[in-house]
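Protein chains in written order, with the working numbering: chain A, 1 to 400; chain B, 401 to 875.
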Amino acid sequence: MAESIKDKVAIIGMGCTKFGELWDKSPEDLIIEAYKETMEDAGIEKKDIQAAWLGSHLDDISIGRGVIIFSMALKLPFIPVTRTENFCATGTEALRGACYAVASGAYDIALALGVEKLKDVGYAGLPESGNLNMEGTLGRFTTPARTAPGAYAMMATGYFAKYGLSPEDGKRTLAKISSKSHHNGTLNPKAHLRREVSVEDVMKAPIIAWPLGLYDCCGVSDGAAAAIVTRADMAKNFRPDPVYVKALQIAASSGEELLYTDYDYAHVETTYRAGIAAYREAGIKNPREELSMMETHDCFSINELTQYEDLGISPRGRAKEDVDAGFFNIDGKIPNEVDGGLKCFGHPIGASGLRMVYEIYKQLQGKAGPRQLKDPKIGLTHNMGGTPPSCVVAVGIVGL
Amino acid sequence: MGGTQMAIGITSYGAYLPWHRLGPGTNGWTARTERAVASFDEDSITMAVAAAVNCLDGFHRQDIQALYFASTTPPYKEKSNATTVSVAADLPFETLSMDFSDSLRAGTAALQAAIDAVKGGSAKQVLLVAADMRVPQPRSEFEPVFGDGAAALLIGNSKVAVQLEDSYAVSHEMLDVWRADGDAFVRTWEDRFVIEEGYLKILPQVISKLLDRNKLSSKDITKAVLYAPDSRRHREMVRKLGFDLETQVQEPLFSTVGNTGAAFAPMMLAAALEKAKAGDRILLANYGNGADAFLFRVTEEIEAIRNSRGVGSYVESKRILPDYETYAVWRGLIDKAPPTRRPPIRTPSPSAMHREESKNLRFHGIKCKRCGYPQYPPQRVCTRCHAKDEFEDYRFSDKKAKVFTYALDRLGPTLDPPLVVSVIDFDGGGRMFSIMTDRDVDKVEIGMPLEMTFRKFHSSEGIHNYYWKCMPVRA
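What follows is the structure, encoded as structure tokens:
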């Protein structure tokens, strides 16, 4: 009988670099900076780390393939290091590897670190968005022109049509989502984009892929984030306020969504499935009442809107009502993207999943500074890679 | 002489004209005529495929033994172009594919060869497709004249709709218009030499000989389909031959399409057949380093192949390009900076292209034998019922579809921004992600009816990457 990961593993240290267009920082600089903060937070030494998981998505820039840039930058003492890659859910995948290793009893202390250096290629957007390269060799000739904004914009069109929103109403709802994240970003010194953007500003922005405009799209950033995990029963030897892993689930598309005409293009099936699995693992019956906060994968505003429904917070077709009511604002019932989200904290692909956990970890410990929430107990991370009908979604839940 | 043992001739016809036109209304276009211009993602191969598919509507592909492709602008110089047309038109593996090239008479040369193949018994049916997109030098005398397009004729000996009575050809060596290896544009000698010593001298000789030996005069011709380099020479030829311009001569498309090179004579013939009646006698005459002429008699079978996708419907279905610059960018005459900086698209792999031929060129998906659901791209495990390897091939290229959702992507690399990306549902089942081409951006909407069209995605390192796109149904 399979057991769950719940309360077997604790996070005892975390670090995160500033995200942004860090022209003066190499991938090694980012790795060392995130590592240093994490180790100081955990209060352990290099010799205490028994194994490491590295998350990094792209292999033709950044740190290349494999792990040696990482292991040699940190001078890790010949310990096992595993590279994980799972699209934009890569960061959560690295954490998952480290947590499972500790839960298995193979190691007592493991490091998970995600890093991405995107801004060395000379153009805006994702480096491979002229060729999402999701299909390996095949992607070179059948879908060479696919972009991430285009793929997500099709979900906005689908959602507006399914629920009868006019383009004006639909875009205004999405604008509220982005404007909220921009406000949160101003409160975070590590965020990439730190400026208020009004709903009207979002509405008037240049179109990237209709119906999505500039401010419906997240930042493309450099950055790194890391965590030290240990056995739950050892955690309080290191600190009084460890954060416990309650669930770590991943769902991958089955092909139904892409190929089968039943898929409505107004939700993400993998988000729905991973959410159900994570709630079951964590023992959450009513997420709308039980969750204190969320950090979800808002690569595009429409993705955040549909997540509210897929994750069981808002009823189908009615996330707009919660957005309008400020339910997810920093002073709302379940604040989301408190650190600015992908939208404003930025999106260095391999680091994003760990960055989400970093925010909740700091909030649960009461160390989130000017954006500190009142007494949060449990938070959810949602980390997604791919396009709405062909993707992986990682949902993590951590709590005190 | 006439008097073939069995009836041989045309059993079907089809045509294709691109959607775009240069014409009055195009900023920077000074001619009074309209000229059909291939889209940025079209070439002679893709237009040929469209004409071939139209021609084959309702015909069984396994009954066709050969495909002849005629063009002076084949995309490959070494590597068969006919084979690509044959495969994309989904003709069988056992098809003899042949390239006819280098001559404005390539189309009628292929017609003669097709007739001879059927007569000789090596093939029961031959599909002949002619396509051209000659790029005239900007502001040259050719620019207001040249057009792009394709025409297809199915040649056979059963249910012949247009029976061949006789044909005749001569060779005549002269440099009148030419394009040497490496030349981007057509060159020409002084027009008095070109016309008087060439066109107006040779073509009448060939037509007279053909009529004389069949004991016919110009009065006996119901419709004369006459190649001409331009509109003025066409009128001179009609006058010289004694045909009545109003009643006896196929309208030569100079004001709406232009001279479509090797495809021109077959295209005018296809246009003539759209209005032909049983008993009509049709003269087809083509010119270029010699001339050839054919006498046809239309049979009752013509009524069975009234093709709705003939020249006429395509002439009406058009979009005038807003400016000459767009055309110049599409043809590579201006190296315009793209709207957004994007990474170069990677070169496709010929070995992978070879492996994926059925999926990418034939546009075959699969239909599950257990649950009946059609799927694209082909799967090994059924998306719906999870049956493994229990499928039959299913051709999507001739299926209609509808837009399920879409986006107008300004980041996507294309010479015709924005890139319209769409998810489309096929009539009869099946869904795919598809790039939409030849669309009016303001009119794209959910539920819009679509058809599939074979296009060139991009070229890199001499590899032309062909695949299928969707487009709003052409009228």
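Glycine included, each C-beta is placed from N, C-alpha and C at the ideal position.
Model, not experiment: these values are computed from the prediction.
Beyond the five residues adjoining it in sequence on each side, A/MET203 comes within less than 7 Å, by CB distance, of LYS171, ARG172 and ALA175 in the same chain, given in chain order. At a C-beta separation below 8 Å, A/THR261 has these neighbours in chain B: PHE804, ASP825, GLY829, GLY830 and ARG831. In its chain, beyond the 5 residues on either side, PRO475, MET533 and LYS856 have a beta carbon closer than 7 Å to the beta carbon of B/ASP443. In terms of Cα proximity to B/GLY847, the closest of A/LYS117, A/LYS162 and A/GLU295 is A/LYS162. Between B/MET447 and the set B/ARG831, B/CYS455, B/GLU478 and B/ALA550, the nearest pair of CA atoms involves B/ALA550. Looking at the DSSP output, B/SER860 shares a beta bridge with B/ILE863. With a cutoff of 7 Å on beta-carbon distance, B/ASP825 and B/ARG831 are scored as near each other.
Going by DSSP, B/GLN525 is part of the beta strand (DSSP E) stretching over 525-532. For A/THR84, the enclosing beta strand (DSSP E) begins and ends at 81-84. The shortest C-alpha to C-alpha distance from A/GLY223 to any of A/ILE5, A/LYS6 and A/GLY15 is the one to A/GLY15. A/ALA209 belongs to the set of residues whose beta carbon lies under 7 Å from a beta carbon in chain B. Along the region 804-820 of chain B, the positions whose C-beta sits under 8 Å from a C-beta of chain A are PHE804, THR805, TYR806, ALA807, LEU808, ASP809, ARG810, LEU811, GLY812, PRO813, THR814, PRO818 and LEU819, read in chain order. B/ALA801 is outside the set of residues whose beta carbon lies under 7 Å from a beta carbon in chain A. The region 98-114 of chain A makes contact with the region 225-237 of chain A: 3 or more CB pairs, one atom from each, lie closer than 8 Å. Contact residues of the region 843-865 of chain B toward chain A are ILE846, PHE857, HIS858 and ASN865 (C-beta to C-beta distance below 7 Å). Ranked by Cα distance from B/HIS864, the options B/HIS754, B/ASN454, B/SER713 and B/TYR794 are led by B/HIS754.
A residue is called buried when at least 16 other Cβ atoms come within 10 angstroms of its Cβ; A/ASP233 does not meet this threshold and is exposed.
When only Cα atoms are considered, B/PHE542 and B/VAL844 end up about 35 Å apart. As the crow flies, the alpha-carbon of A/LEU193 is around 15 Å from that of A/ILE177. In this chain, the alpha helix (DSSP H) harbouring B/ARG632 covers 631-641. Residue pairing by DSSP places B/GLY690 opposite B/SER571 in a beta bridge. Secondary structure remark: continuous beta strand (DSSP E) runs of at least 3 residues inside the region 86-135 of chain A, in chain order: 109-116. A residue is called buried when at least 16 other Cβ atoms come within 10 angstroms of its Cβ; B/PRO418 meets this threshold and is buried. A check of alpha carbon separations from B/THR472 across B/VAL487, B/TRP429, B/VAL586 and B/LEU553 identifies B/VAL586 as the nearest. Using a Cβ-Cβ cut-off of 8 Å, A/GLY150 is close to ALA807, ASP809, LEU811, GLY812, LEU819 and VAL821 of chain B, given in chain order. Residues of chain B whose Cβ lies closer than 8 Å to the Cβ of A/THR157 are, in chain order, THR805, TYR806, ALA807 and ILE846. A/GLY340 is not bridged by DSSP to any residue. Note on B/HIS786: under 16 other CB atoms within 10 angstroms of its CB, so exposed under the neighbour-count rule. Chain B has a Cβ within less than 7 Å of the Cβ of A/TYR265. Following the DSSP letters along the chain, one finds B/MET753 inside the alpha helix (DSSP H) bounded by residues 750-755.
Just measuring C-alpha positions, the residue of A/ALA282, A/PHE70 and A/ALA368 sitting nearest A/ILE330 is A/ALA368.
By the neighbour-count definition (other C-beta atoms within 10 Å, threshold 16), B/LEU645 is an exposed residue. When B/ALA676, B/LEU626 and B/ARG632 are compared, the shortest CA-CA separation from B/ASP692 is found for B/LEU626. Excluding five sequence positions before and after B/ARG633, the CB atoms of its chain that fall closer than 8 Å to its own CB belong to ILE595, TYR599 and LEU600, given in chain order.
If you draw a straight line from the Cα of B/VAL535 to the Cα of B/ALA662, it is about 13 Å long. Contacts with chain B (Cβ-Cβ distance below 9 Å) from the region 93-124 of chain A involve VAL121, GLY122, TYR123 and ALA124, listed in chain order.
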